[in-house]
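In full-length UniProt numbering, the protein residues as written are 1 to 401. Idealized CB from N, CA, C, for every residue including glycine. Quantities reported herein were computed from a predicted structural model and do not represent experimental measurements. One structure is given here, and the rest of the page talks about it.
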């Protein structure tokens, strides 16, 4: 992979961030460094990710690999991200919220953060150095991977419940979905609604061409005109149990660690740009319909959902929190948000199943090009392969009710 040379990256920048992690009495001297893309083109539309390998000296020579995350330089997506506060959201998560959470419990479900001298940017440990890897999004995840992820997600959610109790002012301002909200200008809301209708009709066209899926095409068309309003209703936080919703829980935002035999032993979450307070069910549904493989979805839903609920309650108990989530409460909340699975299928599933061999990696520059970026994935052979079974399963899940 080619080396990169962003304008802000130099020895002084690296000294500042490395010094923050070292003994203040030990002076840091950067010997050499190399910067590369952290992910291939097209793998991340919302920010720029760099992997920087540094050799430096204190009282001895050390090496470290860092992930540096910066905003897009310009364009439509950057404007949208700034309007909804995504860059500042993520920095607040790492600078203010995670330290409070980690002060409550010994569990760790994110990468370590370093001091960052650059505005609206983050410096994180490279989890690859600790044995973590990203799974294959196209293969989707087996039982063990899903089990470890749902445990980590449950701990995040549980810690956020206690954080709200102990530091209520910290999270109070984040009771709004940053992407699915009417709290925008009339022009943007109308554009979002029109985009949603367009995407649904294109999905219906795809379903019409697949054997056994014609009925679902009709159902999707019928609900398209009122779908945006329904999604706003479903994703608007209510008065019940609210957790810190990651809101982007799919394979590429999870890192898994393996032991020497190749068995998965841990899962960590990355990318907190759209987090907010909301129902736990939304994170589970997004993960389930983008990332769990067909066998897991077909045969292990009850077992894995119970794994989440049990871990959630255990973590609350460890924190001496009186709240808990009963089986009935869990089932009712999942049922009330089931239609969100359709939204996942027409947006994030397409991204998860995008063809890696398609070379159109241009960052969207308008609402129309964003629609194109989403709907072009409907033609992916990987999306077409999983779609027929998934629409049957989401109907059984209650999404069309």
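- Between residue 86 and residue 274, the gap from beta carbon to beta carbon is short of 8 Å.
- Between residue 282 and residue 235, the beta carbon gap of about 7 Å places them in contact (Cβ cut-off 8 Å).
- In the assembly as shown, residue 342 is a buried residue. Its beta-carbon has 16 or more other beta-carbons within 10 Å.
- The beta carbon of residue 224 sits closer than 8 Å to those of 196, 197, 200, 201 and 204, all from its chain and outside the five residues before and after it, given in chain order.
- For residue 12, the uninterrupted alpha helix (DSSP H) run begins and ends at 11–19, by DSSP.
- Within the model, the alpha-carbon separation for residue 325 versus residue 102 is close to 22 Å.
- The three-state secondary structure of residue 328, taken from DSSP, is helix.
- Counting other Cβ atoms within 10 Å of its Cβ, residue 248 reaches 16 or more and is therefore classed as buried.
- When secondary structure is reduced to three states using DSSP, residue 256 falls in the strand class.
- With a cutoff of 8 Å on beta-carbon distance, residue 66 and residue 126 are scored as near each other.
- Beta bridge pairing from DSSP links residue 35 with 52.
- Nearest in C-alpha terms to residue 27, of all of 34, 132 and 19, is 19.
- In this structure, residue 352 lies near residue 251, with their beta-carbon atoms less than 8 Å apart.
- Under the three-state reduction of DSSP, residue 88 is assigned to helix.
- Around the beta carbon of residue 95, fewer than 16 other beta carbons sit within 10 angstroms, so the residue counts as exposed.
- Residue 270: not part of any alpha helix (DSSP H); DSSP gives it neither H nor E.
- As computed with DSSP, residue 63 is found in a beta bridge with 55.
- Between residue 321 and residue 150, the C-beta gap is not smaller than 8 Å, which leaves the two residues out of contact.
- The region 132–140 and the region 59–78 do not touch, with fewer than three beta-carbon pairs separated by less than 8 Å.
- DSSP places residue 77 in the uninterrupted alpha helix (DSSP H) bounded by 76–83.
- A direct Cα-Cα distance of roughly 13 Å separates residue 265 from residue 142.
- At the C-beta level, residue 210 and residue 387 come within 8 Å of one another.
- Using a Cβ distance threshold of 8 Å, residue 58 and residue 100 do not count as a contacting pair.
- In the DSSP annotation of this structure, the continuous segment of the beta strand (DSSP E) that includes residue 243 starts and ends at 243–245.
- Assignment of residue 125 by DSSP, reduced to helix, strand and coil, places it in the strand class.
- Shown here, residue 95 sits in a helix according to DSSP, grouped into three states.
- Taking each of 378, 329, 377 and 297 in turn and checking the Cα distance to residue 242, the smallest one comes out for 329.
- About 28 Å separates the Cβ atoms of residue 104 and residue 332, ruling out a contact at the 8 Å cut-off.
- Per DSSP, reduced to three states, the secondary structure at residue 111 is coil, with no helix or strand assignment.
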